[in-house]
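Notes for the one structure printed next.
Numbering (our numbering), first residue to last: 751 to 933.
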């Protein structure tokens, strides 16, 4: 019996020494840095609250991904100040959108949690790399099919105006997102 334990111990040590210690596979699209002059957004949804709802994520007018429970996606974008809108994907209902603004810098990766909140919307919250890696271990990577073309069906200028008013009324409300530097 002790010979089997010794052999298993050696086997485990060999397997552990073959890894680089990272939790995300190097070929995972979320682990690949953006091309030069671009920024990357990685959005993960780990909470089970609202598990029946698929959430659409838009960068300006363009649908960039969808999240369901324990899923994530990545998207390469131009740097600059950009607005992201999140809204549920319930057919035949008025979709409620949340607006968030980020200041994307070239060469940076922005890890965001797509968290459901009780009013049936989703908020985007900055994440550390460590938190993302922990969540990604139990999540699956989603990518949109190339033939899906979807644009937001509301006046995004009015959504931006509401966000800017909230920022003016209570600067701390969006401070984490406004000051998020990425990695």
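Just so it is clear, CB atoms sit at the ideal spot from N, CA and C, and this is done for glycine as well.
From which residue to which residue does the beta strand (DSSP E) around residue 864 run?
For the purposes of this step, residue 864 is taken as residue 114 along the chain shown, with counting starting at 1. Looking at the DSSP string, the run of the beta strand (DSSP E) that includes residue 864 is 859-867.
Short Cβ contact (9 Å threshold) for residue 818 with residue 804
Within the chain shown, the letter at position 68 stands for residue 818. Within the chain shown, the letter at position 54 stands for residue 804. Against a cut-off of 9 Å, the Cβ pair of residue 804 and residue 818 comes out as a contact.
Give the straight-line distance between the Cα atoms of residue 862 and residue 791, rounded to the nearest whole angstrom.
In the chain shown, counting from the first residue as 1, residue 862 sits at position 112. In the chain shown, counting from the first residue as 1, residue 791 sits at position 41. So the two alpha carbons sit approximately 7 Å from each other.
Check whether residue 832 and residue 813 have beta carbons under 9 Å apart:
Along the chain shown, one-based indexing puts residue 832 at 82. Along the chain shown, one-based indexing puts residue 813 at 63. Contact: no.
So the candidates are 926, 821 and 798; which of them puts its Cα closest to the Cα of residue 882?
Position 132 of the chain shown, counted from the first residue, corresponds to residue 882. Nearest of 926, 821 and 798 to residue 882, Cα basis: 821.
Per DSSP, what are the beta-bridge partners of residue 815 in this structure?
In the chain shown, the residue the question calls residue 815 occupies position 65. DSSP output for residue 815 lists 807 as bridge partner(s).
Near residue 892, what residues of its chain come up, given a Cβ to Cβ distance below 6 Å and the 5 sequence neighbours on each side ignored?
Sequence index remark: in the chain shown, residue 892 carries index 142 (1-based). Counting only Cβ-Cβ distances below 6 Å, and skipping sequence neighbours, we find 821 and 823.
For a quick check, are the C-beta atoms of residue 886 and residue 794 less than 9 Å apart?
Looking up residue 886 in the chain shown gives position 136. Looking up residue 794 in the chain shown gives position 44. In contact: residue 886 and residue 794 (Cβ atoms closer than 9 Å).
Since I believe residue 874 is in contact with residue 927 (beta carbons under 8 Å), could you give me their beta-carbon distance rounded to a whole number of angstroms?
Reading the chain shown from its first residue, position 177 is the one you call residue 927. Reading the chain shown from its first residue, position 124 is the one you call residue 874. Correct: roughly 7 Å between the Cβ atoms.
Three-way DSSP call (helix, strand, coil) for residue 933 in this model
Counting from one through the chain shown, the residue named residue 933 turns up at place 183. Coil, per DSSP.
What span of residues does the alpha helix (DSSP H) with residue 908 cover, start to end?
If you number the chain shown from 1, residue 908 lands on position 158. Taken as a continuous stretch (DSSP letters only), the alpha helix (DSSP H) holding residue 908 covers 906-919.
Compute the Euclidean distance between the alpha carbons of residue 829 and residue 800, then round it to the nearest angstrom.
Locating residue 829 in the chain shown gives position 79, counting from the first residue. Locating residue 800 in the chain shown gives position 50, counting from the first residue. Each residue's Cα considered, the two are about 31 Å apart.
Is residue 923 helix, strand or coil when you go by DSSP?
Here the question's residue 923 lines up with position 173 in the chain shown. Three-state result, residue 923: helix.
C-alpha distance - residue 786 paired with residue 879, whole-angstrom precision:
Taking the first residue of the chain shown as 1, we reach residue 786 at position 36. Taking the first residue of the chain shown as 1, we reach residue 879 at position 129. Approximately 20 Å between the Cα atoms of the pair.
If residue 835 sits next to residue 902, beta carbons under 8 Å apart, how far is it from one beta carbon to the other, in whole angstroms?
Counted from its first residue, the chain shown places residue 835 at position 85. Counted from its first residue, the chain shown places residue 902 at position 152. Yes, residue 835 and residue 902 are in contact; Cβ-Cβ is about 6 Å, under 8 Å.
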